[in-house]
């Protein structure tokens, strides 16, 4: 298959997900192989100046119960419509961040975005708790990475980064 796609199964006169598999062609038969686009995978690290202290960031907003349970980027200037939320914010979370993937010569095309948490050690983590962020439905390629936060300036990678289903790492520090 093309890079970024994985075999996911057979249908028709051959069913299942064994690969390879065999079929006796003693009559006309129809078999379809299905391949699915694998989500892009990314690990990020960033520190915010405001809560930075020593070699990590303070979690004062979280410790004081001041972080919203629903991602806060659904209004101006972000207008992000994602539904990321949590019943509780885990210990060690500094704040919400909005991650964007952009393409084009001047990074003018927003390809994907998602709200995540920034942990005190600088890891950007998914609301499921994973430090690998997945971007489904996006073809592997070179993308600018943007990190936005509610009360800090946004930062963007200086160059495009090669992203695929194999987790890439980018360090904003």
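In my numbering, the protein residues as written are -7 to 165. For each residue, glycine too, the CB sits at the ideal point set by N, CA and C. Remember, it's a predicted structure, so these values are computed and weren't measured experimentally.
Find out if the Cβ-Cβ distance for the pair residue 127, residue 61 is shorter than 8 angstroms.
Start at 1 with the first residue of the chain shown, and residue 127 comes out as number 135. Start at 1 with the first residue of the chain shown, and residue 61 comes out as number 69. In this structure, residue 61 does not lie closer than 8 angstroms to residue 127 by Cβ.
Counterpart residues of residue 111 in DSSP-defined beta bridges:
Here residue 111 refers to the residue found at position 119 of the chain shown. In DSSP, residue 111 forms a bridge with 85.
Please state whether the Cβ-Cβ distance between residue 87 and residue 53 is less than 8 angstroms.
Indexing the chain shown from 1 puts residue 87 at position 95. Indexing the chain shown from 1 puts residue 53 at position 61. In this structure, residue 53 lies closer than 8 angstroms to residue 87 by Cβ.
From this set, 55, 1, 78, 65, which residue's C-alpha is nearest residue 118's C-alpha?
Sequence index remark: in the chain shown, residue 118 carries index 126 (1-based). Measuring from the Cα of residue 118, the nearest candidate turns out to be 78.
Can you round the beta-carbon distance between residue 93 and residue 130 to whole angstroms, since I take them to be within the 8 angstroms contact cut?
To locate residue 93, count along the chain shown from 1; it is residue 101. To locate residue 130, count along the chain shown from 1; it is residue 138. Right, their Cβ atoms sit about 7 angstroms apart.
Buried or exposed (CB count within 10 angstroms, at least 16 for buried), residue 80:
Within the chain shown, numbered from 1, the residue matching residue 80 stands at position 88. Residue environment: residue 80 is assigned as exposed (fewer than 16 neighbouring CB atoms within 10 Å of its CB, all protein chains considered).
Would DSSP call residue 54 helix, strand or coil?
Stepping through the chain shown from its first residue, residue 54 is reached at position 62. It is helical.
With 16 as the cutoff for other CB atoms within 10 Å, does residue 161 come out buried or exposed?
Along the chain shown, one-based indexing puts residue 161 at 169. Exposed.
Tell me the DSSP bridge mates of residue 148?
Mapped onto the chain shown, residue 148 falls at position 156. Per DSSP, 138.
Contact check, residue 109 vs residue 137, beta carbons under 8 angstroms:
Numbered from 1 along the chain shown, position 117 holds the residue referred to as residue 109. Numbered from 1 along the chain shown, position 145 holds the residue referred to as residue 137. No; because the gap between Cβ atoms is not below 8 angstroms, this pair is not in contact.
Is it buried or exposed, residue 139, if we count other Cβ atoms within 10 angstroms and call 16 or more buried?
For the purposes of this step, residue 139 is taken as the residue at position 147 of the chain shown. Buried, because 16 or more other Cβ atoms sit within 10 Å of the Cβ of residue 139.
So who's on the other strand from residue 38, going by DSSP bridges?
Residue 38 sits at position 46 when you count from the first residue of the chain shown. In DSSP, residue 38 forms no bridge with anything.
Mark residue 76 as exposed unless 16 or more other C-beta atoms lie within 10 angstroms of its C-beta, in which case mark it buried.
Here residue 76 is taken as the residue at index 84 of the chain shown, counted from 1. It counts as buried.
What are the start and end residues of the beta strand (DSSP E) that includes residue 72?
As a working note, residue 72 is residue 80 in the chain shown. Counting along the chain, residue 72 sits inside no beta strand (DSSP E), nor does DSSP assign it H or E at all.
Give me the Cα-Cα distance between residue 11 and residue 1, rounded to the nearest whole angstrom.
The sequence position of residue 11 within the chain shown is 19, counting from 1. The sequence position of residue 1 within the chain shown is 9, counting from 1. So the two alpha carbons sit approximately 8 angstroms from each other.
DSSP three-state call for residue 17: helix, strand or coil?
Counting from one through the chain shown, the residue named residue 17 turns up at place 25. Under the three-state reduction of DSSP, residue 17 is assigned to coil, being neither helix nor strand.
Go ahead and pull the three-state DSSP assignment for residue 153.
By 1-based counting over the chain shown, the position of residue 153 is 161. In the three-state reduction of the DSSP assignment, residue 153 falls in the strand class, which pools E and B.
In terms of residues, what are the limits of the beta strand (DSSP E) holding residue 0?
In the chain shown, the residue the question calls residue 0 occupies position 8. Segment -3 to 4, the beta strand (DSSP E) holding residue 0.
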